[in-house]
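*Asks:* Whatever position you read off the sequence shown (first residue = 1), add 222 for the working numbering.
Ideal placement from N, C-alpha and C gives every residue a C-beta, glycine not left out.
Small disclaimer: the values here were computed from a predicted structure and weren't measured.
Take this structure, written in structure tokens, and hold onto it; I'll ask about it next.
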Amino acid sequence: MPFFVAFTAFLLCLNIQSGKVLVKRAFAAIFVFALIIQIGASNKCYWINNQRYEEEKNVILTINSRLTENCDMSKPVIFIGEYTVSESLQDKITVADSSFVGKIVHRFGSPKNYATAKKIYDYIGSSYLTWSIESSFNNSRPEEELYKFCDYIGVSFKHCTGEQYNEANKKYSKIKAYPNKDCIVETDEYIVVKL
Numbered sequence: 223m224p225f226f227v228a229f230t231a232f233l234l235c236l237n238i239q240s241g242k243v244l245v246k247r248a249f250a251a252i253f254v255f256a257l258i259i260q261i262g263a264s265n266k267c268y269w270i271n272n273q274r275y276e277e278e279k280n281v282i283l284t285i286n287s288r289l290t291e292n293c294d295m296s297k298p299v300i301f302i303g304e305y306t307v308s309e310s311l312q313d314k315i316t317v318a319d320s321s322f323v324g325k326i327v328h329r330f331g332s333p334k335n336y337a338t339a340k341k342i343y344d345y346i347g348s349s350y351l352t353w354s355i356e357s358s359f360n361n362s363r364p365e366e367e368l369y370k371f372c373d374y375i376g377v378s379f380k381h382c383t384g385e386q387y388n389e390a391n392k393k394y395s396k397i398k399a400y401p402n403k404d405c406i407v408e409t410d411e412y413i414v415v416k417l
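What follows is the structure, encoded as structure tokens:
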């Protein structure tokens, strides 16, 4: 995207038929400045997304080590709940209340929309684990995207069925969430992990 904008700006600069060199230089300076801002924003987005990935990878690896120590890994593993990224990552994707923009949000926004309005990046920094638990493309194979993520980082869990997932969601929704030691429950049929 930044390179497309810069290339378009370059062509626009070339097409200015004005004989004034100052106008051409002003356009060039504005577009170079816009390019620098966009490159910085792209790098920040990439960095935030990488931080989220590393955090969630560590969560899965920690859960895997707990499961291999204490549970029968031949059973399906079912993830329930919502994972919330750390405060340090949340600070990078939201506007601070004390900032100018934060004050505007509180002054003119409605109280029920503060959290949404304060979010800088809606698609970057949000938890992939939560999305992959809640958004199933195939009801007979819930959490398929989460299992793919686990396979990608080198952890393999046995997949659960839709019935097992629905039962675990109803039955174990009240257990304590990760990182609590009690976030894992092993039954005769499957293992439940609440994030």
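Quick one: Cα of N286 to Cα of G376, how far?
*Replies:* As a working note, residue 286 is residue 64 in the sequence shown. As a working note, residue 376 is residue 154 in the sequence shown. Distance between the alpha carbons of N286 and G376 is about 10 Å.
*Asks:* Could you pull out every unbroken alpha helix (DSSP H) segment of at least 4 residues lying fully inside the stretch 278 to 364, listed in chain order?
*Replies:* 309 to 315, 322 to 330, 336 to 339, 350 to 356
*Asks:* Hey, K380 and K279 are a contact pair by Cβ (cut 8 Å); roughly how many whole angstroms apart?
*Replies:* As a first step, residue 380 is located in the sequence shown; it is residue number 158 there, counting from the start. As a first step, residue 279 is located in the sequence shown; it is residue number 57 there, counting from the start. Actually they are not in contact, since the Cβ atoms of K380 and K279 sit about 20 Å apart, beyond 8 Å.
*Asks:* Under 8 Å, do I406 and L283 count as touching if we go by C-beta distance?
*Replies:* Here residue 406 corresponds to residue number 184 of the sequence shown, with the count starting at 1. Here residue 283 corresponds to residue number 61 of the sequence shown, with the count starting at 1. No, the pair does not count as a contact, with Cβ atoms beyond the cut-off.
*Asks:* For E366, report the span of its alpha helix (DSSP H) as first-last.
*Replies:* Position 144 of the sequence shown, counting from 1, holds the residue named residue 366. It spans 366 to 374 - the alpha helix (DSSP H) in which E366 sits, taken as one unbroken run.
*Asks:* Starting from E411, follow the alpha helix (DSSP H) in both directions and report where the run begins and ends.
*Replies:* By one-based count along the sequence shown, residue 411 stands at place 189. Element bounds for E411: n/a, residue is neither H nor E.
*Asks:* Tell me, which residues are paired with K380 by DSSP?
*Replies:* Position 158 of the sequence shown, counting from 1, holds the residue named residue 380. Paired residue(s): P298.
*Asks:* Distance, Cα to Cα, F330 vs I315?
*Replies:* Counting from one through the sequence shown, the residue named residue 330 turns up at place 108. Counting from one through the sequence shown, the residue named residue 315 turns up at place 93. Rounded to whole angstroms, F330 to I315 spans 20 Å at the Cα level.
*Asks:* Using the Cα positions of K266 and V317, report the straight-line distance between them to the nearest angstrom.
*Replies:* As a first step, residue 266 is located in the sequence shown; it is residue number 44 there, counting from the start. As a first step, residue 317 is located in the sequence shown; it is residue number 95 there, counting from the start. Taking the straight line from one Cα to the other gives about 15 Å.
*Asks:* Please state whether DSSP places I270 in a helix, a strand or coil.
*Replies:* By one-based count along the sequence shown, residue 270 stands at place 48. Helix, per DSSP.
*Asks:* If you run the structure through DSSP and keep just helix, strand and coil, what is I406?
*Replies:* Taking the sequence shown and counting its residues from 1, one reaches residue 406 at position 184. It is a strand residue.
*Asks:* Evaluate F322 with the Cβ neighbour count: other Cβ atoms within 10 Å of its Cβ, from every protein chain shown; 16 or more gives buried, anything less gives exposed.
*Replies:* For the purposes of this step, residue 322 is identified with residue 100 of the sequence shown, where counting begins at 1. Exposed, because fewer than 16 other Cβ atoms sit within 10 Å of the Cβ of F322.
*Asks:* Does the pairing of the stretch 259 to 274 with the stretch 395 to 404 give three or more beta-carbon distances under 8 Å?
*Replies:* As far as the Cβ criterion goes, the stretch 259 to 274 does not touch the stretch 395 to 404, which means the pair count is below three.
*Asks:* Helix, strand or coil, according to DSSP, for A263 in the structure here?
*Replies:* Taking the first residue of the sequence shown as 1, we reach residue 263 at position 41. Helix.
*Asks:* So for L417, helix, strand or coil by DSSP?
*Replies:* Taking the sequence shown and counting its residues from 1, one reaches residue 417 at position 195. It is coil, neither helix nor strand.
*Asks:* Using the C-alpha atoms, what's the distance from S357 back to Y374?
*Replies:* On the sequence shown, position 152 is the one that residue 374 refers to. On the sequence shown, position 135 is the one that residue 357 refers to. The straight-line gap from Cα to Cα measures roughly 19 Å.
*Asks:* Give me the Cβ distance between T350 and C382, rounded to the nearest whole Å; I'm assuming they're in contact under 8 Å.
*Replies:* Taking the first residue of the sequence shown as position 1, residue 350 is located at position 128. Taking the first residue of the sequence shown as position 1, residue 382 is located at position 160. Residue identity check: residue 350 is Tyr in the sequence provided, not Thr. The pair is not a contact, with the Cβ atoms about 19 Å apart (cut-off 8 Å).
*Asks:* Taking the CB atoms as reference points, tell me whether E367 and S348 lie closer together than 8 Å.
*Replies:* Taking the first residue of the sequence shown as 1, we reach residue 367 at position 145. Taking the first residue of the sequence shown as 1, we reach residue 348 at position 126. It is not a contact, given that the beta carbons lie outside the stated cut-off.
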